[in-house]
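Asker:
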Amino acid sequence: MIDPVLLRTDPDAIKRSQKARGNDESSVDAAVAADEARRAALGEFERLRAEQNEFGKQVKAASKDEKPALIARAQELAAEVKAADARAKEADAAFGAAVMLLENVVIEGVPAGGEENFVTLRTHGEIPSFDFEARDHLELGELLGAIDMQRGAKVSGARFYFLRGVGARLEIALMNLALDRALANGFTPLITPTLVRPEVMRGTGFLGEHADEVYHLPADDLYLTGTSEVALAGYHADEILDLGEGPLRYAGWSTCYRREAGSHGKDTRGILRVHQFNKLEMFVYADPAEAEAEHDRLVAWQEEMLQALGLSYRVIDVAAGDLGSSAARKFDIEAWVPTQGTFRELTSTSNCTTFQSRRLATRFRDESGKSRPVATLNGTLATTRWIVAILETHQRADGSVRVPEALRPYLGGLDVLAPVGA
RNA sequence: GGAGCCAUGCCGGAGCGGCCGAACGGACUUCACUGCUAAUGAAGGGUCGGGGUUAAACUCGACCGGGGGUUCAAAUCCCCCUGGCUCCGCCA
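Here my numbering is used: the first sequence runs in plain steps of one and ends on residue 422.
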């Protein structure tokens, strides 16, 4: 949630953000009004409550014959307090609902507008070209005995698949490469739960307008997470962290589940868009003052990964209207997918400033010893989807695929993935 | 699935319906002392919110797993929910 103090002191800043996102500015005024109503109701309750507390002491100290009269008055007061308390709770709930409608305040410089209004920050690598007819990742995956969509569909339905042989090995290699790099950069690895309680799912903001993207298990009222970000954000909920040694960095490894509701007919071929995949996710708890610098570091680590894998890509600054509600800024890295003739998202990294931590009550102590909400950031370090770009980019005329050098140690030295039975 | 126990501050652990924001111990911070890190003595700290202040000071309220209830008054009594632990059974 946004900072209620900012709402009071500088509502225009929030309005500007809402406008950049293409959201309704009037909800800011509604929230301000709800805040005022809430504080007025709270003040009234607290005043009555103080009076009641004072009265309680008198009752206790009173002599036997004074008591009945005092208690009669105290009973009236108790009724008033109860009513005032109910009003205060109601006003607080109304404020909560109003403020939940406001999405995180975007950072200065984020391009305004919708999905198409992104700004390309930089590109890296040549667009690969082939002197033969390039095969797409699924065709390659089938030649290599690496990807089996038919059996995936037989067992689990559309958008499910088996990774087999070098395909399975490739994914594990990719994850291990990413994990080693994360370790080298000071991340603590974490294998996270993929089923979480409703509070955690809600706290991380995934039960908002995109709730239908999430798998729910009604028998146990648990949600399957679409990213380990959920568990990683919940990890330190209700805690006060010590950031004296710098940011806390975690690398969460988990299987991710997404319903892909509303994307019927889109990316139906291969493993580009699937219901289940693996991901190594970076998650950082940082002093808000350091958040933007940390965000740049996260992108840099992502770029190092893509470069090590020999992929061509561009880094984009995602437009305000295309940000999730928690993100104040988001950088996506999109790799070139030869058979699609376009860039496709391989990583995403968001700076959520203090938006997430406020709801999850994750704080840290600043130099003065006061507790304040931390900034949270997250970013992809590797996912199953990368296999698409790797196979297509490094394919050769005979259907074999050259293994990028950085990956070879994780594949027992294998330098070429060869078609099976060839 | 059956039976029982428990939920209090950073941790351990007390707590008679008002004297409890909460004993005691540890950890922590500060000061003193032994020429240094150790030992000892003393003092001090919770969280969230409202008001107030340039900032403090100050002040009020809430918080003893969560939600209801009883009462003038609840950590303490009653109900519901959630979580954890132990034993038995079952099981990949």
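C-beta: ideal position from N, C-alpha, C; glycine also. Source: prediction; values computed, not measured.
Considering just the uninterrupted stretch of the beta strand (DSSP E) at Asn351, what are its terminal residues?
Answerer: On the first sequence, residue 351 is found 351 positions in, with the first residue counted as 1. Start and end: 342–351.
Asker: Could you tell me the distance, in whole angstroms, from the CA atom of Lys67 to the CA atom of Lys57?
Answerer: Indexing the first sequence from 1 puts residue 67 at position 67. Indexing the first sequence from 1 puts residue 57 at position 57. Taking the straight line from one Cα to the other gives about 12 angstroms.
Asker: Determine which residues share a DSSP beta bridge with Met282 and list them.
Answerer: To locate residue 282, count along the first sequence from 1; it is residue 282. Paired residue(s): Ala251, Gly379.
Asker: I need the boundaries of the beta strand (DSSP E) containing Ser371, first residue and last residue.
Answerer: By one-based count along the first sequence, residue 371 stands at place 371. Looking at the DSSP string, the run of the beta strand (DSSP E) that includes Ser371 is 371–373.
Asker: Could you give the C-beta distance for Leu70 and Gln52, rounded to a whole number, given that I count them as a contact under 8 angstroms?
Answerer: Within the first sequence, residue 70 is the residue found at index 70, counting from 1. Within the first sequence, residue 52 is the residue found at index 52, counting from 1. Contact flag wrong, Cβ pair sits at about 12 angstroms.
Asker: Which value, in whole angstroms, describes the spacing of the CA atoms of Gly145 and Leu272?
Answerer: Within the first sequence, residue 145 is the residue found at index 145, counting from 1. Within the first sequence, residue 272 is the residue found at index 272, counting from 1. Each residue's Cα considered, the two are about 17 angstroms apart.
Asker: Note down the Cα distance separating Val105 from Ala134, rounded to an integer number of angstroms.
Answerer: Walking along the first sequence from the start, residue 105 turns up at place 105. Walking along the first sequence from the start, residue 134 turns up at place 134. The straight-line gap from Cα to Cα measures roughly 44 angstroms.
Asker: Is it true that the CB of Ser357 sits closer than 8 angstroms to the CB of Thr376?
Answerer: By 1-based counting over the first sequence, the position of residue 376 is 376. By 1-based counting over the first sequence, the position of residue 357 is 357. Yes, these two residues count as a Cβ contact at 8 angstroms.
Asker: Between Ala30 and Ala98, is the Cβ-Cβ spacing less than 8 angstroms?
Answerer: For the purposes of this step, residue 30 is taken as the residue at position 30 of the first sequence. For the purposes of this step, residue 98 is taken as the residue at position 98 of the first sequence. Cβ atoms of Ala30 and Ala98: closer than 8 angstroms.
Asker: Per DSSP, what kind of secondary structure is Glu209 in: helix, strand or coil?
Answerer: Against the first sequence, residue 209 aligns to sequence position 209. DSSP places Glu209 in coil when its eight states are reduced to three.
Asker: Which one of Asp332, Leu48, Gln75, Leu177 has the shortest CA to CA distance from Val59?
Answerer: Taking the first sequence and counting its residues from 1, one reaches residue 59 at position 59. That would be Gln75, whose Cα lies nearest to the Cα of Val59.
Asker: Is Arg164 closer than 8 angstroms to Leu411 when the C-beta atoms are compared?
Answerer: By 1-based counting over the first sequence, the position of residue 411 is 411. By 1-based counting over the first sequence, the position of residue 164 is 164. Going by C-beta atoms, Leu411 is not nearer than 8 angstroms to Arg164.
Asker: I'd like the span of the alpha helix (DSSP H) that includes Pro11, first residue to last.
Answerer: As a first step, residue 11 is located in the first sequence; it is residue number 11 there, counting from the start. From DSSP, the alpha helix (DSSP H) with Pro11 extends over 11–21.
Asker: Under a three-way DSSP split, which group does Pro404 fall into?
Answerer: Within the first sequence, the letter at position 404 stands for residue 404. Looking at Pro404 - three-state DSSP - the assignment turns out to be coil, as it is neither helix nor strand.
Asker: Considering only residues of the region 5–80, which uninterrupted alpha helix (DSSP H) runs meet the minimum length of 4 residues and lie entirely inside it, listed in chain order?
Answerer: You should have 11–21, 26–61.
Asker: Nearest by alpha-carbon distance to Asn185: which of Lys19, Glu44, Ala251 is it?
Answerer: Start at 1 with the first residue of the first sequence, and residue 185 comes out as number 185. It is Ala251 whose Cα lies nearest to the Cα of Asn185.
Asker: Beta-carbon within less than 7 angstroms of Leu414's beta-carbon, same chain only, minus the 5 sequence neighbours each way: which residues are those?
Answerer: Indexing the first sequence from 1 puts residue 414 at position 414. Hits under 7 angstroms: Val403, Arg408.
Asker: In angstroms with no decimal places, state the Cα-to-Cα distance between Trp301 and Ser400.
Answerer: Position 301 of the first sequence holds residue 301. Position 400 of the first sequence holds residue 400. If you take the alpha carbons of Trp301 and Ser400, they lie about 29 angstroms apart.
Asker: Using beta-carbon positions only, say whether Ala382 and Met100 come within less than 8 angstroms of one another.
Answerer: Numbered from its first residue, the first sequence carries residue 382 at position 382. Numbered from its first residue, the first sequence carries residue 100 at position 100. No; because the gap between Cβ atoms is not below 8 angstroms, this pair is not in contact.
Asker: Since I believe Leu311 is in contact with Ala335 (beta carbons under 8 angstroms), could you give me their beta-carbon distance rounded to a whole number of angstroms?
Answerer: The residue labelled residue 335 in the question sits at position 335 within the first sequence. The residue labelled residue 311 in the question sits at position 311 within the first sequence. Contact flag correct, Cβ pair sits at about 5 angstroms.
Asker: Give the single residue among Ile387, Ser368, Phe343 whose Cα lies nearest to the Cα of Pro128.
Answerer: Taking the first residue of the first sequence as 1, we reach residue 128 at position 128. Taking only the C-alpha atoms, the option nearest Pro128 is Phe343.
Asker: Alpha carbon to alpha carbon, what distance is there between Ala182 and Glu103?
Answerer: Residue numbering aside, residue 103 sits at position 103 when the first sequence is read from its first letter. Residue numbering aside, residue 182 sits at position 182 when the first sequence is read from its first letter. The alpha-carbon atoms of Glu103 and Ala182 are separated by roughly 30 angstroms.
Asker: Decide yes or no for the touch test of the region 104–119 against the region 312–327: beta carbon pairs closer than 8 angstroms, at least 3 of them.
Answerer: These segments touch.
Asker: Helix or strand or just coil, what does DSSP make of Glu142?
Answerer: If you number the first sequence from 1, residue 142 lands on position 142. Residue state, collapsed to three classes: helix.
Asker: Comparing C-alpha positions only, which one of Asp24, Ala37, Lys19 sits nearest to Arg8?
Answerer: Here residue 8 is taken as the residue at index 8 of the first sequence, counted from 1. The option with the nearest alpha carbon to Arg8 is Ala37.
Asker: Is any non-hydrogen atom of the ligand NAP found closer than 7 angstroms to the C-beta of Glu103, if you look at the structure I gave you?
Answerer: Of ligands this structure carries none, so the ligand NAP is not represented either.
Asker: Between the region 35–49 and the region 84–94, do at least 3 Cβ pairs fall closer than 8 angstroms?
Answerer: Output reads yes: the region 84–94 touches the region 35–49.
Asker: Report yes if the CB atom of Asp221 is closer than 8 angstroms to the CB atom of Pro189, and no otherwise.
Answerer: As a working mapping, residue 221 is identified with position 221 in the first sequence. As a working mapping, residue 189 is identified with position 189 in the first sequence. Contact flag unset, no.
Asker: Check for me: the alpha helix (DSSP H) holding Ile387 runs from which residue to which?
Answerer: Against the first sequence, residue 387 aligns to sequence position 387. Counting along the chain, the alpha helix (DSSP H) containing Ile387 begins and ends at 386–393.
Asker: Looking only at its chain, what residues have a beta carbon closer than 7 angstroms to the beta carbon of Leu143, apart from the 5 residues adjacent to it on each side?
Answerer: Along the first sequence, read from residue 1 onward, the residue named residue 143 stands at position 143. The answer, listed in chain order, is Gly399, Pro419.
Asker: Roughly how many angstroms lie between the CA atoms of Ala62 and Phe55, to the nearest whole one?
Answerer: The count along the first sequence starts at 1 and reaches residue 62 at position 62. The count along the first sequence starts at 1 and reaches residue 55 at position 55. One C-alpha to the other measures close to 10 angstroms.
Asker: Taking the C-alpha atoms as reference points, what is the distance between Glu139 and Ile147?
Answerer: Numbered from 1 along the first sequence, position 139 holds the residue referred to as residue 139. Numbered from 1 along the first sequence, position 147 holds the residue referred to as residue 147. Answer to the nearest angstrom: the Cα atoms are 9 angstroms apart.
Asker: For Gly234 and Gly203, which I take to be in contact (beta-carbon distance under 8 angstroms), what is that distance rounded to the nearest angstrom?
Answerer: Walking along the first sequence from the start, residue 234 turns up at place 234. Walking along the first sequence from the start, residue 203 turns up at place 203. Going by Cβ atoms, the distance from Gly234 to Gly203 rounds to 7 angstroms, so yes, they are a contact pair.
Asker: On the three-state DSSP scale, how would you describe Leu174?
Answerer: Start at 1 with the first residue of the first sequence, and residue 174 comes out as number 174. Of the three classes helix, strand and coil, the one that applies to Leu174 here is helix, per DSSP.
Asker: Find the nearest neighbour of Arg47 within the set Ala34, Val81, Asp24, Ala33, judged by alpha-carbon distance.
Answerer: Numbered from its first residue, the first sequence carries residue 47 at position 47. Looking at the Cα atoms, Val81 is the closest of the given residues.
Asker: Once DSSP output is grouped into helix, strand and coil, what is the label at Phe160?
Answerer: Walking along the first sequence from the start, residue 160 turns up at place 160. In the structure shown, Phe160 sits in coil (DSSP, three-state: anything other than H, G, I, E or B).
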